[in-house]
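For the sequence shown, position 127 (counting from the first letter as 1) is numbered 127 according to this note's numbering, and the numbering increases by one without interruption.
Cβ coordinates follow ideal geometry from the N, Cα and C atoms, glycine included.
This structure is a prediction, so every number in the text was calculated from the model and none was measured.
Please read the structure below before turning to the comments.
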Amino acid sequence: MEIEKLTPSEITNLWNSYLTNTMAFWVTKYFITKTQDEELRKVLEYAEEIAKIEVEKSKAFLEDVNHPLPQKFDQHDVDLNAPAICTDDFTAILKYEMAKVANVVYSMSVNTSTRKDIREFYQECSKNSTELTNRFGDLIAKKGLHHPVVHIPTPNQSEKVSKQRFLAGWFADRRPLNSVEIGQLVYNFKSTEMTRTFIKAMAKVTPTKSLQKLFERGVSLYEKHLDIFQSIVSENHLPHLRTWEDQILDSAVSPFSDRLMLYKMHLLASATVGRYGTSLSIAQRRDLASHYSRLMTEVLQFAEDSVNLMIELGFMDQLPMAREKVNHLN
């Protein structure tokens, strides 16, 4: 039987699905062993179940074409007996944000895959991640963790933009934020705050100095971004947004391997770049576009440094590449 080859996009999608879901499976299993909240436990068990299914299916697609697999995450990367590093509330916030990231990734995987069976697989993954997002979203709403909820006045009627100052953003020309800009600022603040808090927890428990130094740098970087977002929100008389540092517990014992923590941090940085890029593309005030462009560059540099450390420590599997150019001697 002829083996149907995979396109580069399909290889990348399946490779990342396999690797990321092996991590998600074991990280979720750890959180299940720590939670005291039965409602949270049920949602985490669903997350564990779909991660296991998606690992096996992505693995099968790669093995069917005799494609090598990256080094998976397994029981050696997670200490299920380690103490809890965060509260149940922050676990829910963390997993909620990661489910939203999965939604974006799986939609892109549908769009960039060619084979029908692989597109159908990613449609199912997208359906699962949407369901997981909704379950965490419902739980977070029930716990009151969405607060403060930001609202703006309802206009009497819609109006046309009549002045060029609508696009301005500097000094006296700065108009109030509109709804899309507020939505993006709040979304970026919440996701960046989750990232900052989680990395802060990793910096606290890692026994490796090079990782601790990089994590602490990430915490400082994201804190600066949060200050910028909050200052813009506050200038527009909107609520002060919540932070989560009080949800990190006192344990100094790492439940995760250095490889897992570094990989997780790189995924979070990549997701941050994606969010800032989207916000940049739809920002309608020049100062906001400038902020997003600058902050995205800063996170890209941080992500590059995290990859360099992964390479240095021997943690990074190399994705398949095109053939190298052959130099013919005359």
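Looking only at C-alpha atoms, which of the options sits nearest to residue i?
i	options	result
M265	R323, S220, S210, T195	T195
P155	R285, S179, L145, L139	S179
S58	T12, V101, Q75	T12
E56	F121, S191, T272	F121
L69	V110, T22, D88	T22
P176	E235, Y187, S107	E235
Y46	L14, R135, T112, P8	R135
I50	F25, N66, L145, E245	F25
Q247	D88, K5, F61, K42	D88
E312	A322, S210, S231	S210
R115	K160, E4, Y187	E4
N111	I282, S9, A283	S9
Q71	Q157, A322, F315, M321	F315
T272	T7, T297, H147	T297
E245	L6, S109, F90	F90
S251	L94, K204, K143, E131	K204
E63	D79, L6, K52, K42	L6
G274	K52, D79, M108	M108
T208	L80, V65, M310, N66	M310
Tell me, please, which residues DSSP counts as bridged to residue i.
i	result
V180	V180 pairs with nothing; no bridge assigned.
V78	F256
I248	C86
Should residue i be listed as close to the ligand PLP, given that the test is whether its C-beta is under 7 Å from any heavy atom?
i	result
D79	With respect to the ligand PLP, the structure offers nothing, as it holds no ligand at all.
Below 8 Å on the Cβ atoms is my contact criterion, and I expect residue i with residue j to pass it. Report the Cβ-Cβ distance as a whole number of Å.
i	j	result
P255	Y30	5 Å
E48	S17	Actually they do not touch by this definition, with Cβ atoms about 16 Å apart.
Y276	V299	7 Å
D77	L262	Going by Cβ atoms, the distance from D77 to L262 rounds to 11 Å, so no, they are not a contact pair.
L226	F189	6 Å
Y133	Y187	For clarity, residue 133 is Thr in the given sequence; the question names Tyr instead. The Cβ separation is near 13 Å, so there is no contact.
Would you kindly check if the distance between the Cβ of residue j and the Cβ of residue i is under 8 Å?
i	j	result
A269	F302	yes
I182	I152	yes
A92	L40	yes
V233	L185	yes
T192	D258	no
L319	W15	yes
T28	L44	yes
F61	I118	yes
Please confirm if residue i has its CB atom under 8 Å from at least one CB of chain D.
i	result
R242	This model lacks chain D altogether; it includes just one protein chain.
Notebook entry, point to check: Should the stretch 201–216 be called in touch with the stretch 295–309, which here means at least 3 C-beta pairs below 8 Å?
Noted result: Segments in contact, yes.
Notebook entry, point to check: At a cut of 8 Å, does the stretch 278–287 reach the stretch 233–247 through at least three beta carbon pairs?
Noted result: With a cut-off of 8 Å, the stretch 233–247 and the stretch 278–287 do not count as touching, because too few Cβ pairs lie within range.
Notebook entry, point to check: Per the contact definition of three or more C-beta pairs closer than 8 Å, is the stretch 78–93 in contact with the stretch 32–39?
Noted result: Here the stretch 32–39 makes contact with the stretch 78–93; the two share three or more CB pairs at distances below 8 Å.
Check: Quick one: any contact between the stretch 122–142 and the stretch 84–103, if contact means 3 or more CB pairs under 8 Å?
Finding: Because the criterion of three Cβ pairs below 8 Å is met, the stretch 122–142 and the stretch 84–103 touch.
Next item on the list: Kindly confirm or deny that the stretch 192–206 and the stretch 217–226 touch, where touching means at least three C-beta pairs closer than 8 Å.
Entry: Between the stretch 192–206 and the stretch 217–226, the count of Cβ pairs shorter than 8 Å is three or higher; the stretches touch.
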